[in-house]
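Numbering (my numbering), first residue to last: 18 to 284.
Where a beta carbon is used, it is the ideal one built from N, C-alpha and C, also for glycine.
A short write-up of the structure that comes next.
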C-alpha cells in the first residue's frame with residue numbers, strides 16, 4: 018500500500034474480508050487467497066456488512082475493492098457452495114443492485130472472473146494490472162449472467178461485444194479492456210492496489226458535494242442501474258446539487274471579498 022497517509026488502521030471481519038483505512042480511503046479486501054478469493058455465502062455476507070459500514074462512515078469518502086495475494090476473484094467457490102448457489106446469487110445481486118453513495122475503485126490483479134467480474138463492473142472505476150484478465154466464466158459452469166451485469170456490460174462495450182464475451186466465456190486481457198472502456202487505467206503488475214488507493218485519494222481531495230452531484234448526474238442517465246435505483250440516484254443528485262451550489266456561492270463571495278487563500282496544487 019502506498020504511503021499517502023500518516024494514520025493507518027486495519028480491521029478484519031471473520032478473516033474473509035480485510036478492511037484497511039488509509040486516510041479517507043477504505044480498502045476492502047477479499048481475503049480467501051487459498052481459494053483464489055472465490056465467492057461463497059460467508060464472504061458475500063461479510064462483504065455486504067462491510068460495505069454498509071463503509072457507507073455509514075462519515076470519515077471514509079471513497080473505497081477500493083481488491084483481492085488479497087494477487088487475484089481479485091476467480092468466481093464462485095464450487096466446493097463451498099454446497100447446494101446454496103441460489104443463495105450465493107441472491108447475495109451477490111443484493112450487493113451489485115445497490116447504489117453506493119461513495120465512489121468505488123476496483124483494483125484488479127490476476128483473475129476477475131464470473132461473479133468476480135460482476136463485482137468489478139459494479140465499481141465506478143477499474144485499475145487493472147497489465148497481466149490481469151477478466152471473463153464471464155460463470156456461463157461456462159451453466160450459471161446465467163445477472164440482468165444488472167448484462168446491462169452494465171452492454172452499456173460499457175456494446176451489445177455485440179458483450180455477446181462475444183458472455184457466450185464464449187473467453188478471457189479479456191488488460192489492453193482489450195482498456196480499449197473498450199472496461200479498464201480505467203492499466204498499471205504495472207503488483208502495483209494495482211497502490212495505484213487504486215492513489216486514484217481514490219485524488220477523489221477525496223475534490224469538493225465532495227459537487228463530486229457526488231456530478232457522479233449521480235452521470236449514473237442517473239446511464240444503464241448501470243434499474244429504473245427504481247435511478248430514482249434514488251436522482252434524489253441524491255438533487256440533495257448534493259443544493260449543497261454544492263451553496264458552497265460555490267460561498268466560494269465566489271470569499272473570492273470577491275478577497276477572503277480566500279489559493280491552494281498551490283503543483284508538485
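Worksheet entry | Presumed contact (8 Å Cβ cut-off) between residue 137 and residue 143, rounded CB distance | On the chain shown, position 120 is the one that residue 137 refers to. On the chain shown, position 126 is the one that residue 143 refers to. In this structure residue 137 is in contact with residue 143, their Cβ atoms being roughly 6 Å apart against a cut-off of 8 Å.
Discussion item. If the criterion is Cβ atoms closer than 8 Å, does the pair residue 150 and residue 174 meet it?
Written reply: On the chain shown, position 133 is the one that residue 150 refers to. On the chain shown, position 157 is the one that residue 174 refers to. With respect to the 8 Å criterion, residue 150 and residue 174 are not classified as neighbours on the basis of their beta carbons.
Discussion item. So, with DSSP's three-state summary, where would you put residue 33?
Written reply: The count along the chain shown starts at 1 and reaches residue 33 at position 16. DSSP, read as helix, strand or coil, puts residue 33 in coil.
Item to complete: From the DSSP output, in three-state form, read off residue 93 for me.
Response: Reading the chain shown from its first residue, position 76 is the one you call residue 93. In the three-state reduction of the DSSP assignment, residue 93 falls in the strand class, which pools E and B.
Fill in: Segment limits, alpha helix (DSSP H) that includes residue 209
For the purposes of this step, residue 209 is identified with residue 192 of the chain shown, where counting begins at 1. Residue 209 -> alpha helix (DSSP H) spans 209-221.
Practice prompt. Can you grab the Cα-Cα spacing for the pair residue 48 / residue 228, in whole Å?
Written response: Numbered from its first residue, the chain shown carries residue 48 at position 31. Numbered from its first residue, the chain shown carries residue 228 at position 211. Taking the straight line from one Cα to the other gives about 30 Å.
Practice prompt. To the nearest angstrom, report how far apart residue 62 and residue 266 are at their CA atoms.
Written response: For the purposes of this step, residue 62 is taken as the residue at position 45 of the chain shown. For the purposes of this step, residue 266 is taken as the residue at position 249 of the chain shown. Separation of residue 62 and residue 266 (C-alpha to C-alpha, rounded to the nearest whole angstrom) is 43 Å.
Discussion item. Contact between the segment 160-179 and the segment 237-249 is defined here as three or more beta-carbon pairs at a separation below 8 Å; is this criterion met?
Written reply: Contact annotation: the segment 160-179 touches the segment 237-249, with at least three C-beta pairs closer than 8 Å.
Worksheet entry | Nearest to residue 205 (by Cα), restricted to the options 237, 146, 197 | In the chain shown, the residue the question calls residue 205 occupies position 188. Considering only 237, 146, 197, the residue with the shortest C-alpha distance to residue 205 is 146.
Worksheet item: Should residue 207 go down as buried or exposed, given a rule of 16 or more other Cβ atoms within 10 Å for buried?
Response: Within the chain shown, the letter at position 190 stands for residue 207. Sixteen is the threshold: since fewer than 16 other Cβ atoms of the shown chains lie within 10 Å of the Cβ of residue 207, the residue is exposed.
Item to complete: Compare the Cα-Cα distances from residue 56 to each of 42, 108, 81 and report the closest residue.
Response: Taking the chain shown and counting its residues from 1, one reaches residue 56 at position 39. Ranking 42, 108, 81 by Cα distance to residue 56 puts 108 first.
Worksheet item: Counting along the chain, where does the beta strand (DSSP E) carrying residue 140 start and finish?
Response: As a working mapping, residue 140 is identified with position 123 in the chain shown. Judged by DSSP secondary structure, residue 140 falls outside any beta strand (DSSP E); it is assigned neither H nor E.
Practice prompt. Taking 8 Å as the cut-off, decide whether the C-beta atoms of residue 93 and residue 132 are in contact.
Written response: Locating residue 93 in the chain shown gives position 76, where the first residue counts as 1. Locating residue 132 in the chain shown gives position 115, where the first residue counts as 1. Yes.
Discussion item. Using CA atoms only, rank isn't needed, just tell me which of 263, 111, 221, 187 is closest to residue 65.
Written reply: Stepping through the chain shown from its first residue, residue 65 is reached at position 48. Ranked by Cα distance from residue 65, the options 263, 111, 221, 187 are led by 111.
Practice prompt. Would you tell me roughly how many angstroms separate the C-alpha atoms of residue 257 and residue 103, rounded to the nearest one?
Written response: Here residue 257 refers to the residue found at position 240 of the chain shown. Here residue 103 refers to the residue found at position 86 of the chain shown. CA-to-CA, the gap between residue 257 and residue 103 works out to about 37 Å.
Discussion item. I need the straight-line Cα distance from residue 123 to residue 87, nearest angstrom please.
Written reply: Position 106 of the chain shown, counting from 1, holds the residue named residue 123. Position 70 of the chain shown, counting from 1, holds the residue named residue 87. Going by the C-alpha atoms only, they are around 13 Å apart.
Discussion item. Assuming residue 227 is part of the beta strand (DSSP E), what are its boundary residues?
Written reply: The sequence position of residue 227 within the chain shown is 210, counting from 1. Note, residue 227: premise wrong, no beta strand (DSSP E); alpha helix (DSSP H) at 225-237.
Fill in: Element boundaries [beta strand (DSSP E), containing residue 43]
Within the chain shown, numbered from 1, the residue matching residue 43 stands at position 26. Taken as a continuous stretch (DSSP letters only), the beta strand (DSSP E) holding residue 43 covers 42-47.
Fill in: residue 58 and residue 101 closer than 8 Å at C-beta
By 1-based counting over the chain shown, the position of residue 58 is 41. By 1-based counting over the chain shown, the position of residue 101 is 84. Yes, they are a contact pair.
Worksheet item: Should residue 247 go down as buried or exposed, given a rule of 16 or more other Cβ atoms within 10 Å for buried?
Response: As a first step, residue 247 must be located in the chain shown, where it is residue number 230. Flag for residue 247 reads buried.
Worksheet item: Using the C-alpha atoms, what's the distance from residue 162 back to residue 53?
Response: Along the chain shown, one-based indexing puts residue 53 at 36. Along the chain shown, one-based indexing puts residue 162 at 145. Using only the alpha carbons, I get a separation of about 21 Å.
Discussion item. Quick check on DSSP: helix, strand or coil for residue 152?
Written reply: Stepping through the chain shown from its first residue, residue 152 is reached at position 135. Strand at residue 152.
Item to complete: Give me whichever residues DSSP pairs with residue 80 in a beta bridge.
Response: Position 63 of the chain shown, counted from the first residue, corresponds to residue 80. DSSP, once it has assigned bridges, lists 43, 121 as partnering residue 80.
Worksheet item: Between residue 289 and residue 126, which are expected to be in contact by the criterion C-beta below 8 Å, what is the C-beta distance as a whole number of angstroms?
Response: For the chain, the structure presents residues 18 to 284; residue 289 sits outside this window and is missing.
Fill in: Beta-carbon gap between residue 45 and residue 60 smaller than 8 Å
The sequence position of residue 45 within the chain shown is 28, counting from 1. The sequence position of residue 60 within the chain shown is 43, counting from 1. In this structure, residue 60 does not lie closer than 8 Å to residue 45 by Cβ.
Fill in: Under the three-state DSSP convention, the category residue 314 falls into
The question about residue 314 has no answer here: the residues shown for the chain are numbered 18 through 284.
Worksheet item: Given a threshold of 16 other Cβ atoms within 10 Å of its Cβ, counted over all protein chains shown, does residue 120 qualify as buried or as exposed?
Response: One-based indexing of the chain shown puts residue 120 at position 103. Buried, by the Cβ-count rule.
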